[in-house]
Amino acid sequence: MIARRSLHLIGSRLRRLRARKTLAAASIGLGLIGFTAFVNPTPVLVWNASTSAPIGLYGLGLGAARAGDFVLVRLPKMTAHLADQRGYLPRNVPLVKRIAALPHEHVCAFNDAIIIGGEIVTHRVPVDTQGRTLPWWNECRALTGDEVFLINGEAPGSFDSRYFGPVPAANIVGRLVPLWTE
Numbered sequence: 498m499i500a501r502r503s504l505h506l507i508g509s510r511l512r513r514l515r516a517r518k519t520l521a522a523a524s525i526g527l528g529l530i531g532f533t534a535f536v537n538p539t540p541v542l543v544w545n546a547s548t549s550a551p552i553g554l555y556g557l558g559l560g561a562a563r564a565g566d567f568v569l570v571r572l573p574k575m576t577a578h579l580a581d582q583r584g585y586l587p588r589n590v591p592l593v594k595r596i597a598a599l600p601h602e603h604v605c606a607f608n609d610a611i612i613i614g615g616e617i618v619t620h621r622v623p624v625d626t627q628g629r630t631l632p633w634w635n636e637c638r639a640l641t642g643d644e645v646f647l648i649n650g651e652a653p654g655s656f657d658s659r660y661f662g663p664v665p666a667a668n669i670v671g672r673l674v675p676l677w678t679e
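For the sequence shown, the residue numbers in our numbering are 498 to 679.
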């Protein structure tokens, strides 16, 4: 039979071991939370809930994005502020958009029409669904070597480059590959 003192020592060791494991797990968890506060992790899977692109699950693809590809993109600071202020999208959430024009392509905004390479590709509306005036990008020029033009043409109410203009190509997080969409 094990002495009563031995049982007490075994129980004490088990409690200390359990406490160390709990402390280690909590430290790792807090460390990971702290890590994400300083590092902006790149998502691998993206759920798009916006109707401006097909709703569903996308994966971050390899390779350079081309015209017609869906991309995950971070908005420029002022545009992100406007989108957040109006409730379109929280400030730090990237968008799912389609690339309509690449660097050096000619893009024009004339009246309500957006013209790329001499062809009307879409139109824009003057107000959003809440009746608020939308900004209109009003230029006619070739995109610079580090700009892209993003349009989700299938969705006339989509908040995209027809309203805020070209976006730095460096803001593209990556090309998206549809995994499951409606």
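Even for Gly, the Cβ is constructed at its ideal location relative to N, Cα and C.
Alpha-carbon to alpha-carbon, residue j and residue i
| i | j | result |
| --- | --- | --- |
| F646 | T519 | 50 Å |
| T619 | S524 | 52 Å |
| L569 | W677 | 16 Å |
| N635 | G553 | 32 Å |
| L542 | D566 | 16 Å |
| T641 | A598 | 11 Å |
| Q582 | R510 | 56 Å |
| E679 | G654 | 19 Å |
| L572 | P591 | 7 Å |
| G628 | R517 | 58 Å |
Paired residues, beta bridge with residue i - DSSP
| i | result |
| --- | --- |
| N545 | G553 |
| T641 | None; T641 has no bridge partner. |
| P665 | E644 |
| L673 | L557, F567 |
| I612 | C605, I617 |
| T630 | V624 |
First and last residue of the uninterrupted alpha helix (DSSP H) at residue i
| i | result |
| --- | --- |
| R588 | Careful: R588 lies outside any alpha helix (DSSP H) and carries neither H nor E. |
Counted within 10 angstroms of its Cβ, other Cβ atoms place residue i as buried (16 or more) or exposed
| i | result |
| --- | --- |
| L559 | exposed |
| E644 | buried |
| K594 | buried |
Helix, strand or coil at residue i according to DSSP, with G and I counted as helix
| i | result |
| --- | --- |
| A577 | helix |
| A606 | strand |
| T519 | helix |
| A652 | coil |
| A598 | strand |
| L647 | strand |
Element boundaries [beta strand (DSSP E), containing residue i]
| i | result |
| --- | --- |
| F567 | 567-570 |
| T619 | 616-620 |
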